[in-house]
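J.: Residue numbers (full-length UniProt numbering), protein chains in the order written: chain A, 1 to 462; chain B, 1 to 462. A virtual CB, placed ideally from N, CA and C, is assigned to each residue, including glycine.
Number of protein chains: 2
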Amino acid sequence: MQDPKEYIAQHKDRFLNELIELLKIPSVSADSAYAEATHQTAATVAESLRKAGCDTVEICETPGYPIVYADKIIDKNLPTVLVYGHYDVQPPDPVELWDSPPFEPVIKKTDKHPEGAIFARGACDDKGQMYMHVKALEYMVANDKLPCNVKFMIEGEEEVGSANLAWYVERNQEKLENDVILISDTGMIANDIPSITTGLRGLSYVEVEVTGPNRDLHSGLYGGAVANPINVLSKMIASLHDENNHITVKGFYDKVEELTQAERDKMGEAPFSLDEYKKALDIDAVYGEKGYTTNERNSIRPTLDVNGIWGGYTGEGAKTVIASKAYAKISMRLVPHQEWEEITELFKTHFEGIAPAGVKVKVTPHHGGQGYVTPIDNVAYQAAERAYEQTFGKTPIPQRSGGSIPIVALFEKELKSKTILMGFGLDSDAIHSPNEHFGVWNYLKGIETIPYFYQYFTEMSK
Amino acid sequence: MQDPKEYIAQHKDRFLNELIELLKIPSVSADSAYAEATHQTAATVAESLRKAGCDTVEICETPGYPIVYADKIIDKNLPTVLVYGHYDVQPPDPVELWDSPPFEPVIKKTDKHPEGAIFARGACDDKGQMYMHVKALEYMVANDKLPCNVKFMIEGEEEVGSANLAWYVERNQEKLENDVILISDTGMIANDIPSITTGLRGLSYVEVEVTGPNRDLHSGLYGGAVANPINVLSKMIASLHDENNHITVKGFYDKVEELTQAERDKMGEAPFSLDEYKKALDIDAVYGEKGYTTNERNSIRPTLDVNGIWGGYTGEGAKTVIASKAYAKISMRLVPHQEWEEITELFKTHFEGIAPAGVKVKVTPHHGGQGYVTPIDNVAYQAAERAYEQTFGKTPIPQRSGGSIPIVALFEKELKSKTILMGFGLDSDAIHSPNEHFGVWNYLKGIETIPYFYQYFTEMSK
């Protein structure tokens, strides 16, 4: 019988190569051009779960991409851990900014990852972190150390709103019954400062379309005389924040959870260097809502960001045209108690309301999800804390994240269980960006830590 | 000996087919992908001038696309008309909005063109209008009716700023000596309301780039804490107009020509229906600078329009990203006395000045040109007026256009001669837009009218 460290040392190369093969499959759920690869990824994940020791493995069809379900039930009287992850990835563009092709993984050393990091789209978000759980299961099964029941639910539409995961969960509540949900789809502060995410922001994602004249016009013959949809869209977007960078959408802040000064002070204790933050992004100043620190702005406060904008002539050279239409993709990060459907409605009403005469405005909701908070006084959180203490030699810091995993709130509602967010990535791993990567050390450290969570959670649940 | 009408009736089909062949060649000067076709167009134009009767025909190389020069000098003591036109065309995109392929010309009837119109990119701007002069020359030479000397200068970079035309003109002042410059690259009010363009707006065209963080960021982890280049660019663009739609660029209006109320009243006499204008564009309201009418806004007042904007994720679906960069193409239409280089400088200084901390801003000038006004009391204008009276049976209305032909001001400076803008297109011909077209009646009417200009101009110059 080996402990995780030994077993990992012995199988390290295989663990890396298996992940690299998985990363080669371009499972971009947002772009239908990658549909075949995305289905193929589901099949590969299913096979890896069978090999790792699951007794049941199913590729469950949905109206969209399939959900991979797998389980190993050793004793109905023991607790059950449900592992959630996703096998789809963000689009790789802008591809030209990648130093190596996004779907040809390479291992390179970085300042933060002296033992090397795997560079590929999905390396950290979420194929790498999801696969840690597959390998942790392999370890536990191979060494007869699985202390409880385990279920896996790996979806393929997380990057596009998990619409069909909700559909699936609602239809399989009994099958998915569990005592705790375990997810690695977040980050930690640093390799020597472990942290566990205890809060997530919600999300409302919309697309807006501004239509002016019924055709593109010559900017000389019509310029100055008709509403230019791009100028109008810019004005409308600009008006969504006031001079203090508060969001102006009517009713937007009504339900926002206000933290006490004590809670804010505790948050303030997390190690953070504004200079390093600015240096890492090569910016001369941060920017955001008046009255809040950078760490508050990106975690406990709601936001509104334009994620994409386009209209008119964007090719080489010059075209003197007034476009008929202009578009933007806009997302709002929400905090606990803000209802995402309600915020989407408020935005739609507000945005349509501020359209000037001379244009038509259309707001199309994309997707969204609720924020979430994990109580740090429950057994599952404490089991996770002990697992980190065991492998990092330090107590992890509970941390609010600015990111969104909408389905966490969904799980609580549908499956009545809490989620533990054991993330092993770093902010600098560039998820959603060119050159996304995941530290080799972090990957292996995750595989090492997970089995201890199973052990302590089982013991403490007795 | 025939008059133009008979000759045109006899050769109508050939005149149409020759133009259709010319329109099939995609001479898009803004996009280097069309370089070969653009050169081929120059050769085709040169050949047509030789066939029409020019004695000298040259394809003059420049640092960019060549300039086609041709002439027929019958007597050094007679006046010389210099015809200018351009063989390059605007990019065809958005191609999906064309009812027929932009470079596969088709003739279809429309409400405004009951005798049919040729649909193709460049049909009106400017291949069709330029080719009227080639066919008018053919008529005059074939029927021994050329009363004076004629020179042609047809360029291939008008849609991208004519940078090398200036280069060429400066180096060939003697060769280009003339008594009047004749251009058909503008429009008229309606087929039963002929008009001659007596004023043009200048142009300053720039591209702006806003850079925030040094890489695309996850909008959850960073949203609200760093300046989002798209939101910032939108705010900056919005601030370029005040609540009355006056342009806020410092010093922008300092040299603007202010017309007298009498001049404005005279302009107001031109037939115009705001309802039809709105109906044609399917807009519920016009939009523009406070204190001016629609016809004033698009002719005697300067403007600032965004011609293109892009940044972040613009593909299918959703991507929760904060882009590192956002871009826009911005053009300003200028009126007489505004210096385009000075306005470009003022814009650059202003735009860089309003950039908030947290972003870097770059302004790249594209090209520009001066505005221009033709005096209606000179011989050339009066000769044109008589030519229209001859063929339309009506006195043409002098009209200010909102468009720009920067080289008209250049010609006056370098060649010391005035330009007559005999335009036969209609505003509704959708130049610079999908489904650009040119009326068959207008094309033939232009060929019929031009020889009379030569005749009257020669007589009146004696």
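How many angstroms separate the CA atom of B/M1 from the CA atom of B/V206?
T.: Against the second sequence, residue 1 of chain B aligns to sequence position 1. Against the second sequence, residue 206 of chain B aligns to sequence position 206. For B/M1, the pLDDT reaches just 46, beneath the cut-off of 50, and the residue's location in the model is therefore unreliable, although a value from the coordinates is still provided. If you take the alpha carbons of B/M1 and B/V206, they lie about 53 Å apart.
J.: DSSP three-state label for A/T110, please.
T.: Translated into the one-based positions of the first sequence, residue 110 of chain A becomes position 110. A/T110 falls in the coil class under three-state DSSP.
J.: So B/Q370 contacts chain A; which residues on that side make the cut at Cβ distance below 8 Å?
T.: In the second sequence, counting from the first residue as 1, residue 370 of chain B sits at position 370. The premise fails here: B/Q370 is roughly 14 Å from chain A at the closest Cβ pair, so nothing lies under 8 Å.
J.: Determine the DSSP secondary structure at A/T197, reduced to helix, strand or coil.
T.: Your numbering for residue 197 of chain A matches position 197 in the first sequence. Here A/T197 sits in strand by DSSP.
J.: On a CA-only basis, which of A/D305, A/G353, A/I343 and A/K348 is nearest A/S331? Give me that one, please.
T.: Here residue 331 of chain A refers to the residue found at position 331 when the first sequence is read from its first residue. Per the Cα distances, A/D305.
J.: Can you list, in chain order, the residues of its chain with a C-beta nearer than 7 Å to that of A/H350? Leave out the 5 residues immediately preceding and following it.
T.: Here residue 350 of chain A is taken as the residue at index 350 of the first sequence, counted from 1. Counting only Cβ-Cβ distances below 7 Å, and skipping sequence neighbours, we find V249 and K250.
J.: Measuring CB to CB, does B/A357 end up less than 8 Å from A/A238?
T.: For this step, residue 357 of chain B is matched to residue 357 along the second sequence. For this step, residue 238 of chain A is matched to residue 238 along the first sequence. It is not a contact, given that the beta carbons lie outside the stated cut-off.
J.: Going straight from the alpha carbon of A/I230 to that of A/V57, what length do you get?
T.: The sequence position of residue 230 of chain A within the first sequence is 230, counting from 1. The sequence position of residue 57 of chain A within the first sequence is 57, counting from 1. Cα to Cα, the separation comes out at about 51 Å.
J.: Pull out every residue of the region 437–456 of chain A whose Cβ sits closer than 8 Å to any Cβ of chain B, in chain order.
T.: Per Cβ criterion, the list is empty.
J.: Could one say the Cβ of B/L410 lies closer than 8 Å to chain A's Cβ atoms, at least one of them?
T.: Counting from one through the second sequence, the residue named residue 410 of chain B turns up at place 410. Taking Cβ atoms only, chain A never reaches closer than 8 Å to B/L410, which makes this a no.
J.: Pop quiz: B/V208 and B/A30 are said to be a contact at Cβ under 8 Å. What is the actual Cβ separation, rounded to whole angstroms?
T.: Start at 1 with the first residue of the second sequence, and residue 208 of chain B comes out as number 208. Start at 1 with the first residue of the second sequence, and residue 30 of chain B comes out as number 30. Wrong, their Cβ atoms sit about 18 Å apart, outside the cutoff.
J.: Taking just the CA atoms, how far does A/R201 sit from A/T458?
T.: Translated into positions along the first sequence, residue 458 of chain A becomes position 458. Translated into positions along the first sequence, residue 201 of chain A becomes position 201. Between A/T458 and A/R201, the C-alpha separation is close to 29 Å.
J.: Using a Cβ distance threshold of 8 Å, determine whether the region 190–198 of chain A contacts the region 310–325 of chain A, with at least three qualifying pairs required.
T.: Touching, no, given that fewer than three Cβ pairs across the two stretches are closer than 8 Å.
J.: Would you kindly check if the distance between the Cβ of B/D125 and the Cβ of B/H432 is under 8 Å?
T.: By 1-based counting over the second sequence, the position of residue 432 of chain B is 432. By 1-based counting over the second sequence, the position of residue 125 of chain B is 125. Yes, these two residues count as a Cβ contact at 8 Å.
J.: Does the region 158–174 of chain B come into contact with the region 50–68 of chain B, if we say contact requires no fewer than three beta-carbon pairs (one atom in each stretch) closer than 8 Å?
T.: A contact exists between the region 158–174 of chain B and the region 50–68 of chain B.
J.: Our contact map puts B/T80 next to B/N178 with C-beta atoms below 8 Å; I'd like the distance itself, whole angstroms only.
T.: The residue you call residue 80 of chain B lines up with position 80 of the second sequence. The residue you call residue 178 of chain B lines up with position 178 of the second sequence. Rounded, the Cβ-Cβ distance is 5 Å, consistent with contact.
J.: May I ask you to list the residues that DSSP assigns as paired with residue 467 of chain A?
T.: This structure cannot speak to residue 467 of chain A, because chain A is shown only from 1 to 462.
J.: If you draw a straight line from the alpha carbon of B/A46 to that of B/K362, how long is it in whole angstroms?
T.: What you label residue 46 of chain B is simply residue 46 of the second sequence in a count that begins at 1. What you label residue 362 of chain B is simply residue 362 of the second sequence in a count that begins at 1. If you take the alpha carbons of B/A46 and B/K362, they lie about 41 Å apart.
J.: Mind checking which residues open and close the beta strand (DSSP E) that includes B/V361?
T.: Here residue 361 of chain B refers to the residue found at position 361 when the second sequence is read from its first residue. K360 to G369 is the extent of the beta strand (DSSP E) around B/V361.
J.: For B/Q399, name the three-state secondary structure that DSSP assigns.
T.: Here residue 399 of chain B refers to the residue found at position 399 of the second sequence. Note: B/Q399 maps to strand in three-state DSSP.
J.: Can you name the start and end residues of the alpha helix (DSSP H) that A/V210 belongs to?
T.: Locating residue 210 of chain A in the first sequence gives position 210, where the first residue counts as 1. It is not in any alpha helix (DSSP H) - A/V210 instead sits in the beta strand (DSSP E) that spans G202 to T211.
J.: From the beta carbon of A/A430, is the nearest beta carbon of chain B less than 8 Å away?
T.: Counted from its first residue, the first sequence places residue 430 of chain A at position 430. By this cut-off, A/A430 is an interface position.
J.: At a Cβ threshold of 8 Å, is residue 466 of chain B touching chain A?
T.: The question about residue 466 of chain B has no answer here: the residues shown for chain B are numbered 1 through 462.
J.: On the DSSP bridge list, what partners appear for B/V68?
T.: Locating residue 68 of chain B in the second sequence gives position 68, counting from the first residue. B/V68 pairs with B/I59 and B/I154.
J.: Using only the heavy atoms of the ligand FMN, determine whether one of them is closer than 7 Å to the beta carbon of B/A409.
T.: Ligands are entirely absent from the displayed structure, and the ligand FMN is therefore not among its contents.
J.: Measure the alpha-carbon distance for B/S401 versus A/E296 and round it to whole angstroms.
T.: Taking the first residue of the second sequence as 1, we reach residue 401 of chain B at position 401. Taking the first residue of the first sequence as 1, we reach residue 296 of chain A at position 296. When rounded, the distance between both Cα atoms is 54 Å.
J.: Can you check whether the C-beta of A/R215 is within less than 8 Å of a C-beta belonging to chain B?
T.: Numbered from its first residue, the first sequence carries residue 215 of chain A at position 215. Yes, A/R215 counts as interfacial toward chain B.
J.: Against chain A, does B/M1 count as a neighbour if the rule is that its beta carbon must be under 8 Å from one of theirs?
T.: Here residue 1 of chain B corresponds to residue number 1 of the second sequence, with the count starting at 1. The predicted position of B/M1 is uncertain, since its pLDDT is 46 and thus under 50; no value can be drawn from it.
J.: Which residues of chain B have a Cβ atom closer than 8 Å to the Cβ of A/L259, listed in chain order?
T.: Position 259 of the first sequence, counted from the first residue, corresponds to residue 259 of chain A. Per Cβ cutoff of 8 Å: no residues; A/L259 is ~15 Å from chain B at best.
J.: Looking at the structure shown, is A/M1 part of a helix, part of a strand, or coil, going by DSSP?
T.: Here residue 1 of chain A refers to the residue found at position 1 when the first sequence is read from its first residue. Only weak support exists for where A/M1 lies, its pLDDT of 47 falling under 50; the value from the coordinates is given anyway. A/M1 falls in the coil class under three-state DSSP.
J.: If we count the other Cβ atoms within 10 Å of its Cβ and call it buried at 16 or more, is B/G423 buried or exposed?
T.: What you label residue 423 of chain B is simply residue 423 of the second sequence in a count that begins at 1. The residue is buried, with at least 16 neighbouring Cβ atoms inside 10 Å.
J.: Per the contact definition of three or more C-beta pairs closer than 8 Å, is the region 306–315 of chain A in contact with the region 307–315 of chain B?
T.: Yes: the two stretches touch, three or more of their Cβ pairs being nearer than 8 Å.
J.: Taking beta-carbon pairs under 8 Å, can you tell me which members of the region 331–351 of chain B lie near chain A?
T.: Within the region 331–351 of chain B, the residues whose Cβ lies closer than 8 Å to some Cβ of chain A are S331 and R333, listed in chain order.
J.: Check the Cβ-Cβ distances between A/Q90 and every residue of chain B, and say whether any is below 8 Å.
T.: In the first sequence, counting from the first residue as 1, residue 90 of chain A sits at position 90. It does: the Cβ of A/Q90 has a partner Cβ on chain B nearer than 8 Å.
J.: Can you give the Cα-Cα distance for B/L108 and B/N77, rounded to whole angstroms?
T.: Residue numbering aside, residue 108 of chain B sits at position 108 when the second sequence is read from its first letter. Residue numbering aside, residue 77 of chain B sits at position 77 when the second sequence is read from its first letter. As written in the sequence, residue 108 of chain B is Lys, which differs from the Leu given in the question. Cα to Cα, B/K108 sits roughly 46 Å from B/N77.
J.: Counting C-beta neighbours from all protein chains within 10 Å, is the total for A/P114 16 or more, i.e. buried, or is it exposed?
T.: Indexing the first sequence from 1 puts residue 114 of chain A at position 114. The residue in question, A/P114, is exposed, as its Cβ has fewer than 16 Cβ neighbours within 10 Å.
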